[in-house]
Amino acid sequence: MRKETPRPVHGNHRSLLATYHSLSSRKEGLKMEQEIKAKKKGLSRRSFLKAAGIMGAVTVAQKAAAQMPTLVAANPLVGAIDMHVHSAPDVSSRCVHDIELAQKAKEMGMRGIVSKNHEFITNDRAYLTRQVVSGIEVFGGITLNYTVGGVNPAAVDTMLKFTGGCGKIVWLPTHDAAHHKAFFTKKPDAGGIRVIDADGNVIPELRKIMKSVAKADVILATSHISPRECLAVAKAAKEEGVRKVLITHALQSPGELSLDDLKRCAEMGAFIEHAYLSYLMGPNAHLGWMRTWRHVSMEMFAEAIKAVGADHSVLITDLGQYMNPIPADGLKEFILALKNKGITDEQINWMVRKNPARLLGLESM
Numbered sequence: 019m020r021k022e023t024p025r026p027v028h029g030n031h032r033s034l035l036a037t038y039h040s041l042s043s044r045k046e047g048l049k050m051e052q053e054i055k056a057k058k059k060g061l062s063r064r065s066f067l068k069a070a071g072i073m074g075a076v077t078v079a080q081k082a083a084a085q086m087p088t089l090v091a092a093n094p095l096v097g098a099i100d101m102h103v104h105s106a107p108d109v110s111s112r113c114v115h116d117i118e119l120a121q122k123a124k125e126m127g128m129r130g131i132v133s134k135n136h137e138f139i140t141n142d143r144a145y146l147t148r149q150v151v152s153g154i155e156v157f158g159g160i161t162l163n164y165t166v167g168g169v170n171p172a173a174v175d176t177m178l179k180f181t182g183g184c185g186k187i188v189w190l191p192t193h194d195a196a197h198h199k200a201f202f203t204k205k206p207d208a209g210g211i212r213v214i215d216a217d218g219n220v221i222p223e224l225r226k227i228m229k230s231v232a233k234a235d236v237i238l239a240t241s242h243i244s245p246r247e248c249l250a251v252a253k254a255a256k257e258e259g260v261r262k263v264l265i266t267h268a269l270q271s272p273g274e275l276s277l278d279d280l281k282r283c284a285e286m287g288a289f290i291e292h293a294y295l296s297y298l299m300g301p302n303a304h305l306g307w308m309r310t311w312r313h314v315s316m317e318m319f320a321e322a323i324k325a326v327g328a329d330h331s332v333l334i335t336d337l338g339q340y341m342n343p344i345p346a347d348g349l350k351e352f353i354l355a356l357k358n359k360g361i362t363d364e365q366i367n368w369m370v371r372k373n374p375a376r377l378l379g380l381e382s383m
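Mind the numbering: the sequence shown is residues 19 to 383 in this note's numbering, read in order.
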C-alpha cells in the first residue's frame with residue numbers, strides 16, 4: 019500500500035487543534051470561575067452545578083461539535099482514540115516508550131490511547147503518563163497471562179483499585195492462551211490457559227471476573243482465545259451484566275473469526291475490533307516474526323465492517339513494535355486505506371471516536 023505523507027497542520031488548522039486540546043481544561047476552568055462567582059452571589063453548590071451544567075458545559079460542547087468537521091477534514095486523527103497500542107518499558111522491543119507514545123498521539127490531534135502489555139498492568143503507567151503529558155486521555159488495563167496468575171480474580175480486583183481510575187480493559191490471555199499455543203505450535207496439547215471447560219461453559223474464575231468487570235463498568239476483551247471461546251465469553255458476559263465486550267483483532271491470527279461468528283458476537287452486544295497490524299502481517303511482511311501470522315486485506319476489513327455495522331466496530335492499530343510504524347501514524351494510514359475501500363467518514367467516526375469514547379466512559383464529542 020502506498021503510504022500517504024501526513025499533511026502538516028498550519029495556520030487556522032493548528033489554531034483549531036489547540037482549541038480542541040484545550041476544550042476539557044477550559045471546561046474545568048470555566049466551572050471553577052463560575053463556582054467562585056456563585057459563592058459570591060450566595061448560590062448553593064447544587065444550584066451552581068445545575069446552572070453551570072446548562073450554561074457552561076453545553077457551550078463548550080457546542081463549540082467542539084461545530085469545529086469537529088473542520089478539524090477532521092484537515093487531519094483524520096483529530097478526536098480519535100486508539101484502544102490497543104504497545105510501548106516501552108516491556109520485555110519485547112518497542113518503537114516508543116509511554117511518554118513518547120502519548121506525546122506523538124497528542125501532536126497528531128488524537129483524543130486518547132489505551133496501552134496494553136502482555137505481562138503486567140498498564141493503568142499505573144497510564145496514570146503517571148497523564149502527569150507528564152496533559153491534554154490527552156491515557157488508559158491501561160491488565161492482561162490475564164501467567165505473569166499475573168492467569169484468569170485471576172484477585173489480580174483484576176487489585177488493578178481496578180489503583181490510583182487514578184485509569185484501568186479500563188481486562189484482556190483475557192494472549193500468548194499464554196491454549197488456543198494461541200496450539201495455533202502457532204501446531205500441537206493441540208501445547209498447554210496454556212483455557213477459559214471454557216470441556217462442555218463449553220465459562221470457567222468459574224472468569225465468571226467471578228465478569229462480575230467485577232460489570233460492577234466497575236469496564237471492558238472485557240477476548241485477546242487470543244479461540245472463536246468458540248469468544249462466543250461463550252460474549253454469552254456469559256451478557257448474562258453477568260457486562261456491558262462492554264470487545265472481540266480483540268477479530269480477523270487476525272490466532273482468532274480468525276468468521277463473519278457469522280462476528281455477527282453472533284455483535285448480536286450479543288459485543289464490539290468487533292479491527293487492527294492495522296493485521297494488514298502489515300502475512301508471508302510478505304517486512305519482519306520475520308510477522309510472516310507466520312495471517313494477512314488481513316483492506317477488502318476483508320471493509321467486508322466485516324459492512325457486515326457487522328460500524329456502530330459495533332472499533333479501529334485500532336496494535337502497533338508499537340520495534341521497526342513498525344508509530345501507532346498514531348499507523349492509525350492514520352488505516353483510516354485513509356479504508357476510505358479508499360468505500361468506508362465513509364461517518365463510519366470512521368463511529369469506529370475511532372464514538373465507540374471508543376463510549377467504551378471508555380468518555381463524553382461523545
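Just so you know, even glycine gets a beta-carbon here, dropped at the ideal spot from N, CA and C.
Can you say whether residue i is buried or exposed, counting buried as having 16 or more other CB atoms within 10 angstroms of its CB?
i: Pro191; result: buried
i: Val109; result: exposed
i: Pro301; result: exposed
i: Trp189; result: buried
i: Val263; result: buried
i: Asp385; result: Because the chain is modelled from 19 through 383, residue 385 falls outside the range shown and cannot be assessed.
i: Met299; result: buried
i: Met341; result: exposed
i: Lys204; result: exposed
How many whole angstroms separate the CB atoms of residue i and residue j, which I take to be in contact at a CB cut-off of 8 Å?
i: Ile265; j: Ile290; result: 5 Å
i: Pro345; j: Glu351; result: That pair is no contact at about 11 Å.
i: Asn141; j: Gly158; result: 4 Å
i: Ser244; j: His197; result: 4 Å
i: Val220; j: Ala250; result: 6 Å
i: Lys359; j: Glu317; result: 6 Å
i: His242; j: Gly209; result: So it is not a contact: roughly 14 Å between Cβ atoms.
With the cut-off set at 8 Å, would you say residue i and residue j are in Cβ contact?
i: Val132; j: His104; result: no
i: Asp347; j: Ala293; result: no
i: Asp100; j: Ile361; result: no
i: Arg112; j: Ala120; result: no
i: Thr176; j: Tyr145; result: no
i: Trp368; j: Ala325; result: no
i: Leu238; j: Val260; result: yes
i: His115; j: Asn163; result: no
i: Ala195; j: Ile211; result: yes
i: Ile154; j: Gly130; result: yes
i: Pro94; j: Leu354; result: yes
i: Leu269; j: Ala98; result: no
i: Arg225; j: Ala252; result: no
i: Val314; j: Pro374; result: no
i: Thr147; j: Val156; result: yes
i: Phe319; j: Leu275; result: no
i: Ile187; j: Val150; result: no
i: His330; j: Ser296; result: no
i: Glu258; j: Ala288; result: no
Got a sec, what are the start and stop residues for the beta strand (DSSP E) residue i sits in?
i: Ala375; result: Counting along the chain, Ala375 falls outside any beta strand (DSSP E), though it belongs to the alpha helix (DSSP H) covering 373 to 378.
i: Val103; result: 99 to 103
i: His216; result: Here residue 216 turns out to be Ala, not His, going by the sequence shown. That residue, Ala216, is in no beta strand (DSSP E); it is neither H nor E in DSSP.
i: Leu238; result: 237 to 239
With DSSP as the reference, label residue i as helix, strand or coil.
i: Gln270; result: coil
i: Val370; result: helix
i: Arg148; result: helix
i: Leu264; result: strand
i: Met161; result: Per the sequence shown, residue 161 should be read as Thr rather than Met. Thr161: strand per DSSP, three-state reduction.
i: Trp189; result: strand
i: Glu137; result: coil
i: Val76; result: Its pLDDT being 48, under 50, Val76 is placed unreliably in this model, and the value from its coordinates should be taken loosely. If DSSP states are grouped into helix, strand and coil, Val76 belongs with the helices.
i: Phe289; result: strand
i: Met50; result: In this prediction, Met50 scores a pLDDT of 46, lower than 50, which makes its location untrustworthy; no coordinate-derived value is stated.
i: Val332; result: strand
i: Ala120; result: helix
i: Arg112; result: strand
i: Ala195; result: strand
i: Glu155; result: strand
i: Ile243; result: coil
i: Ile131; result: strand
i: Ala208; result: coil
i: Ala322; result: helix
i: Leu67; result: In this predicted model, Leu67 has a pLDDT of only 45, less than 50, meaning its place in the structure is not dependable; the value taken from the coordinates is given anyway. Note: Leu67 maps to helix in three-state DSSP.
i: Gly360; result: coil
i: Lys57; result: Because the pLDDT at Lys57 is just 49, under 50, the model does not fix this residue reliably, and the point stays unresolved.
i: Ala92; result: helix
i: Leu41; result: Bear in mind that a pLDDT of 49 at Leu41, under 50, signals an unreliable position, so the model cannot answer this.
i: Ala106; result: strand
Let's see if you can read the secondary structure: which residues bound the alpha helix (DSSP H) around residue i?
i: Ala355; result: 345 to 357
i: Thr176; result: 171 to 179
i: Tyr340; result: Taken as a continuous stretch (DSSP letters only), Tyr340 belongs to no alpha helix (DSSP H), as it is neither H nor E.
i: Ala223; result: The sequence shown places Glu at residue 223, not Ala. Note, Glu223: alpha helix (DSSP H), 222 to 234.
i: Ser315; result: Premise fails: Ser315 is in no alpha helix (DSSP H) and is neither H nor E.
i: Ser296; result: 294 to 298
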